[in-house]
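Enquirer:
Protein chains: 2
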Amino acid sequence: MDAGREPQQERSRATRARLLDAAVRVLAERGAAGATVGAVAEEAGVSRGAAQHHFPTREDLSLAALRHMLDRRGEELRRGVAAVPEGAGRTEAVVRMVVDAFSGVDFRAALQLWAAAASDPVLRERITPLEERMGREVHRAAVDLLGADESVPGVRETVQATLDLARGLGLANLLTDDGPRRARIVRQWALTLDSVLARPPGATDAPPDTG
Amino acid sequence: MDAGREPQQERSRATRARLLDAAVRVLAERGAAGATVGAVAEEAGVSRGAAQHHFPTREDLSLAALRHMLDRRGEELRRGVAAVPEGAGRTEAVVRMVVDAFSGVDFRAALQLWAAAASDPVLRERITPLEERMGREVHRAAVDLLGADESVPGVRETVQATLDLARGLGLANLLTDDGPRRARIVRQWALTLDSVLARPPGATDAPPDTG
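These protein sequence lines map, in sequence, to chains A and B.
Note that the numbering used here has the first sequence beginning at 1, numbered continuously upward.
Note that the numbering used here has the second sequence beginning at 1001, numbered continuously upward.
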């Protein structure tokens, strides 16, 4: 190995990581239009030239930032999975984990990209597969942690609904800080989830309405 | 009444309504930054001067468009309430009504305003009360239609969760058309809602799960 090269590669990786972290913050705070290479370089304390070497265009930078968020989310998910308690409180911890996956600065940054993609078909085409990957990973983690049997009617939809609920809570939280409300909903949804998932295979608690 | 004045007021009202409808479309398609008074005037087929007479600034126009959407949503809600069937299928119809309240061009337009408000505290302060009004109205309609007793523990949170679910489904739908998935989730959510709401007192068609 060339001893002179490694530190340079190391520095380059560190610069790249600093730019991506800065891009997430700038996206969340100023929106997709405001997340120019220049603005992100300044936020990261990196020269504009160095930033452009890594990310020639604003779109390159935004998409790399989205991938960076997803990678980080994947890691957090794996750490979260390891930390979920067994027994009582497990379901609530899982629901909280899913809800947390759609919150914070990452969610705010991603939302700005989704909003921009609504009027930009090319951007939409590029971010949709990334979002689908994120959805699949969170879904898979939730199913595993809940020990949910998706062959039981309704279980798959209920786990999916948990993700949609989390996304909606993230959106509600964007305008107003509704932490206490969110905590109550998480708690109640965990109870509901327990009762839906605890059905014996094939059983449904709501018989076809004969009325 | 001055016979010459009334038609003018009428025309003015019609112009205003045309501008607001156009503003919703432009917001949804081009985002908050793209919804300038000039762009909306052009979309509405109204002169820029006439548009500026009604709405001096882009912000005036955007906020009026949001109010316009909420008024329209309120009307749709009242019509929807009248159309919800009694008996079997009622809960699913209510869930669909709530989900529909967070979809379509109005939702996409509102989302663009929320995204813009994330980086604009003044706009955020102005749109938050409007969003809260919308949330309260949909919540109230859902509670009434479901005959939900919010004094029963968990009922209030579950109805609120229905709104958050709807918001999340709207957001998921922004990038990909997921109508079939949404229909399955609505159906399952209605079953879950029935079992949560059907707790005594006031038990209806879905007995508590004893399994």
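Don't be surprised by glycine CBs; every beta carbon is placed ideally from N, CA and C.
1. For the region 1034-1068 of chain B, which residues have a beta carbon sitting closer than 9 Å to at least one beta carbon of chain A?
2. Suppose contacts are defined by Cβ-Cβ distances below 9 Å. Is Glu1137/B in contact with Arg1073/B by that definition?
3. Return the CA-CA distance between Gly1087/B and Val159/A, expressed in angstroms with no decimal places.
4. Roughly how many angstroms lie between the CA atoms of Leu1146/B and Val1155/B, to the nearest whole one?
5. So Gln1160/B contacts chain A; which residues on that side make the cut at Cβ distance below 9 Å?
6. Thinking C-beta only, is Thr15/A closer than 9 Å to Ala44/A?
7. Taking CB distances under 9 Å as the criterion, tell me whether Val138/A reaches chain B.
8. Please classify Gly34/A: does DSSP put it in a helix, a strand, or coil?
9. Jot down the residue ranges of each uninterrupted alpha helix (DSSP H) in the region 36-73 of chain A, minimum 4 residues, whole runs only, in chain order.
10. The alpha helix (DSSP H) spanning Ala1110/B covers which residue range?
11. Compare the C-beta of Ser1195/B with all C-beta atoms of chain A and state if any pair is closer than 9 Å.
12. Contact between the region 108-115 of chain A and the region 59-74 of chain A is defined here as three or more beta-carbon pairs at a separation below 8 Å; is this criterion met?
13. Taking the C-alpha atoms as reference points, what is the distance between Ala17/A and Arg167/A?
14. Quick check on the burial criterion: 16 or more other C-beta atoms within 10 angstroms. Buried or exposed for Val1186/B?
15. Is the Cβ-Cβ distance between Ala1041/B and Leu1019/B less than 9 Å?
16. So, using beta-carbon positions, are Gly1034/B and Val1046/B closer together than 9 Å?
17. Do the region 1098-1106 of chain B and the region 1056-1063 of chain B touch if we need at least three Cβ pairs shorter than 8 Å?
18. Quick one: measure Cβ to Cβ for Leu123/A and Ala116/A, integer angstroms, because I've assumed they're closer than 8 Å.
19. Any C-beta of chain B sitting closer than 9 Å to the C-beta of Ser119/A?
20. Does the distance from the C-beta atom of Thr1218/B to that of Ala1161/B stay below 9 Å?
21. Need the endpoints of the alpha helix (DSSP H) that Pro121/A sits in, please.
22. Under 8 Å Cβ to Cβ from Ala1050/B, same chain only, skipping five residues before and after it: list those, please.
23. Considering only the alpha carbon of each residue, which of Arg11/A, Ser12/A, Glu10/A, Thr36/A lies closest to Ala22/A?
24. Note down the Cα distance separating Glu1157/B from Asp1194/B, rounded to an integer number of angstroms.
25. Counting only Cβ pairs nearer than 9 Å, list the residues of chain B close to Glu29/A.
26. Restricting to Cα atoms, I'd like to know which of Thr192/A, Leu174/A, Val152/A is closest to Val1196/B.
Expert: For this structure:
1. Only Gly1034 from the region 1034-1068 of chain B bring a Cβ to less than 9 Å from some Cβ of chain A.
2. Start at 1 with the first residue of the second sequence, and residue 1137/B comes out as number 137. Start at 1 with the first residue of the second sequence, and residue 1073/B comes out as number 73. The answer is yes: Cβ separation under 9 Å.
3. Sequence index remark: in the second sequence, residue 1087/B carries index 87 (1-based). Sequence index remark: in the first sequence, residue 159/A carries index 159 (1-based). Whole-angstrom Cα-Cα distance: 27 Å.
4. As a first step, residue 1146/B is located in the second sequence; it is residue number 146 there, counting from the start. As a first step, residue 1155/B is located in the second sequence; it is residue number 155 there, counting from the start. Here the alpha carbon of Leu1146/B sits roughly 11 Å from the alpha carbon of Val1155/B.
5. To locate residue 1160/B, count along the second sequence from 1; it is residue 160. Per Cβ cutoff of 9 Å: Arg181, Arg184, Ile185, Gln188.
6. Translated into the one-based positions of the first sequence, residue 44/A becomes position 44. Translated into the one-based positions of the first sequence, residue 15/A becomes position 15. Against a cut-off of 9 Å, the Cβ pair of Thr15/A and Ala44/A comes out as a contact.
7. Translated into the one-based positions of the first sequence, residue 138/A becomes position 138. Not an interface residue.
8. The residue labelled residue 34/A in the question sits at position 34 within the first sequence. Taken through DSSP and simplified to helix, strand or coil, Gly34/A comes out as helix.
9. Runs of the alpha helix (DSSP H) spanning 4 or more residues and lying entirely within the region 36-73 of chain A occur at 37-44, 48-54, in chain order.
10. By one-based count along the second sequence, residue 1110/B stands at place 110. In the DSSP annotation of this structure, the continuous segment of the alpha helix (DSSP H) that includes Ala1110/B starts and ends at 1104-1118.
11. Working through the second sequence from its first residue, we reach residue 1195/B at position 195. With a threshold of 9 Å between beta carbons, Ser1195/B makes contact with chain A.
12. Yes: the two stretches touch, three or more of their Cβ pairs being nearer than 8 Å.
13. Here residue 17/A corresponds to residue number 17 of the first sequence, with the count starting at 1. Here residue 167/A corresponds to residue number 167 of the first sequence, with the count starting at 1. C-alpha of Ala17/A to C-alpha of Arg167/A: approximately 26 Å in a straight line.
14. Here residue 1186/B is taken as the residue at index 186 of the second sequence, counted from 1. Val1186/B is buried by the Cβ-count criterion.
15. In the second sequence, residue 1041/B corresponds to position 41, counting from 1. In the second sequence, residue 1019/B corresponds to position 19, counting from 1. In this structure, Ala1041/B places its C-beta atom within 9 Å of the C-beta atom of Leu1019/B.
16. For the purposes of this step, residue 1034/B is taken as the residue at position 34 of the second sequence. For the purposes of this step, residue 1046/B is taken as the residue at position 46 of the second sequence. No.
17. The region 1098-1106 of chain B makes no contact with the region 1056-1063 of chain B, as fewer than three CB pairs between them are under 8 Å.
18. Here residue 123/A refers to the residue found at position 123 of the first sequence. Here residue 116/A refers to the residue found at position 116 of the first sequence. That pair is a contact at about 6 Å.
19. For this step, residue 119/A is matched to residue 119 along the first sequence. By this cut-off, Ser119/A is an interface position.
20. Missing from the structure shown is residue 1218/B; chain B here goes from 1001 to 1211 and no further.
21. Translated into positions along the first sequence, residue 121/A becomes position 121. That run of the alpha helix (DSSP H) goes 121-146.
22. For the purposes of this step, residue 1050/B is identified with residue 50 of the second sequence, where counting begins at 1. Leaving aside the five residues that flank Ala1050/B on each side, the residues in its chain whose CB is nearer than 8 Å to its CB run, in chain order, Thr1015, Ala1041.
23. Translated into positions along the first sequence, residue 22/A becomes position 22. The shortest C-alpha separation from Ala22/A is found at Thr36/A.
24. In the second sequence, residue 1157/B corresponds to position 157, counting from 1. In the second sequence, residue 1194/B corresponds to position 194, counting from 1. Taking the Cα positions, Glu1157/B is about 14 Å away from Asp1194/B.
25. Start at 1 with the first residue of the first sequence, and residue 29/A comes out as number 29. What Glu29/A touches in chain B, judged by beta-carbon distance under 9 Å, is Ala1118, Ser1119, going in chain order.
26. Within the second sequence, residue 1196/B is the residue found at index 196, counting from 1. When C-alpha distances from Val1196/B are compared across Thr192/A, Leu174/A, Val152/A, the shortest belongs to Thr192/A.
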